[in-house]
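Report on the following structure.
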Amino acid sequence: MRVKEQLTFTNERGESIVFSPASSFHVNFKDVTGLSDVRNAIYSTNSMGQDGDTYLGYRIESRDIDIVGHIKEREKIAVQTLRRKLNRTLNPQYKALLIYELGDFKRVINCTVDDAPIFKKASLFEQFTINLSCLNPFWREENETREDIATWLGGLQFPVALSEGWQIGYRQPSLIVNVYNSGDVKSGIRIEFRALGALTNPQLLNVNTGEYIKIKKALEAGDVLTVSTGYGEKAVTLKHNGATSDAFRYLDVDSTYLQLAVGDNLLRYDADTNAENLEVSIYHNNLYLGV
165 MRVKEQLTFT NERGESIVFS PASSFHVNFK DVTGLSDVRN AIYSTNSMGQ DGDTYLGYRI
225 ESRDIDIVGH IKEREKIAVQ TLRRKLNRTL NPQYKALLIY ELGDFKRVIN CTVDDAPIFK
285 KASLFEQFTI NLSCLNPFWR EENETREDIA TWLGGLQFPV ALSEGWQIGY RQPSLIVNVY
345 NSGDVKSGIR IEFRALGALT NPQLLNVNTG EYIKIKKALE AGDVLTVSTG YGEKAVTLKH
405 NGATSDAFRY LDVDSTYLQL AVGDNLLRYD ADTNAENLEV SIYHNNLYLG V
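Just so we're on the same page, this note's numbering is the position in the sequence shown counted from 1, plus 164.
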């Protein structure tokens with residue numbers, strides 16, 4: 165049985181096109197490049213009399229994905245309609261999401277269109293070429309991974325026999341959670357501090373490195389403080405009485421935008437006062453070099 169392989173392009177307006185061997189926009193995946201290869205730029209320095217170079221660092225460059233396919237129609241009006249749909253959906257003005265699927269395997273990446281699709285007359289079907297740029301070169305899973313610290317857990321199971329002193333739920337006692345990054349590279353996180361009562365200055369510490377991120381702010385019951393540390397996504401917001409506002413000014417100056425190393429990451433929450441009134445959730449995307 166042949167496993168289904170396809171690419172789905174969806175722009176920010178919600179318009180989508182599927183590229184696959186079975187689609188009207190027929191694509192043979194041997195004609196798709198950039199799905200799994202990345203370019204690594206090495207930075208170095210040298211001086212007179214030195215043999216070789218001194219390593220300074222590196223960076224993964226942006227990803228280019230090129231798709232070559234054919235409009236699987238021969239009737240002229242039908243071809244024109246599909247060309248129009250391709251041009252409309254792959255508008256270079258819109259941000260977009262590209263989804264790769266192979267059976268149950270799925271990865272997503274943000275992208276933009278370099279230029280409008282290029283069409284070329286072929287012997288049987290009209291050919292199209294699409295050039296996409298992924299400024300963030302990493303593929304990710306479709307949904308974020310969530311890890312909770314200090315949350316309330318349900319204490320009831322059904323059927324239930326009620327007795328004196330029974331509990332509806334109980335507070336998870338651990339202050340530390342191991343967040344496992346199964347991706348290929350380090351990744352940023354999104355931290356959600358939720359106040360169950362009054363507390364001051366919530367923080368999250370990386371036990372392995374000693375780095376921390378701390379918000380110097382008193383919180384009241386119901387407040388939700390969210391910190392994002394991903395590249396190009398750094399933000400601090402506070403939701404108070406239903407209104408969300410920027411809270412960057414409360415960020416402690418010695419804070420680090422915590423990143424998850426590949427593998428295990430021990431993270432510990434705390435607060436200067438009333439840490440027992442704090443619930444913490446950590447969200448992250450595993451990032452991959454290719455599909």
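Where a beta carbon is used, it is the ideal one built from N, C-alpha and C, also for glycine.
Around Thr293, the same chain offers Val232 and Ile282 as residues with beta carbons nearer than 6 Å, after the five sequence neighbours per side are excluded.
Rounded to whole angstroms, the separation of the alpha carbons of His404 and Gln170 is 43 Å.
Residue pairing from DSSP leaves Glu440 without any beta-bridge partner. Taking the Cβ atoms as the reference, Asp217 lies roughly 5 Å from Asn210, within the contact range of under 8 Å. By the Cβ test, the stretch 391-402 is in contact with the stretch 344-353, since at least three Cβ pairs between them sit closer than 8 Å.
Within the DSSP secondary-structure output, Asn175 pairs in a beta bridge with Ala260. By the Cβ criterion, the stretch 261-281 is not in contact with the stretch 406-420, since fewer than three pairs of Cβ atoms, one from each stretch, lie closer than 8 Å.
Restricting attention to Ile235, Glu176, Glu225 and Thr197, the CA atom closest to the CA of His190 is found in Ile235.
When the Cα atoms are used, Glu237 and Phe173 turn out to be separated by approximately 20 Å. As the crow flies, the alpha-carbon of Lys380 is around 22 Å from that of Leu430.
Judged by their CB atoms, Ile377 and Leu451 are not nearer to each other than the 8 Å cut-off.
Pairing Asn204 with Ile224 gives a Cβ-Cβ distance under 8 Å. The residue among Phe289, Ile340 and Ala385 with its C-alpha nearest the C-alpha of Asp428 is Ile340.
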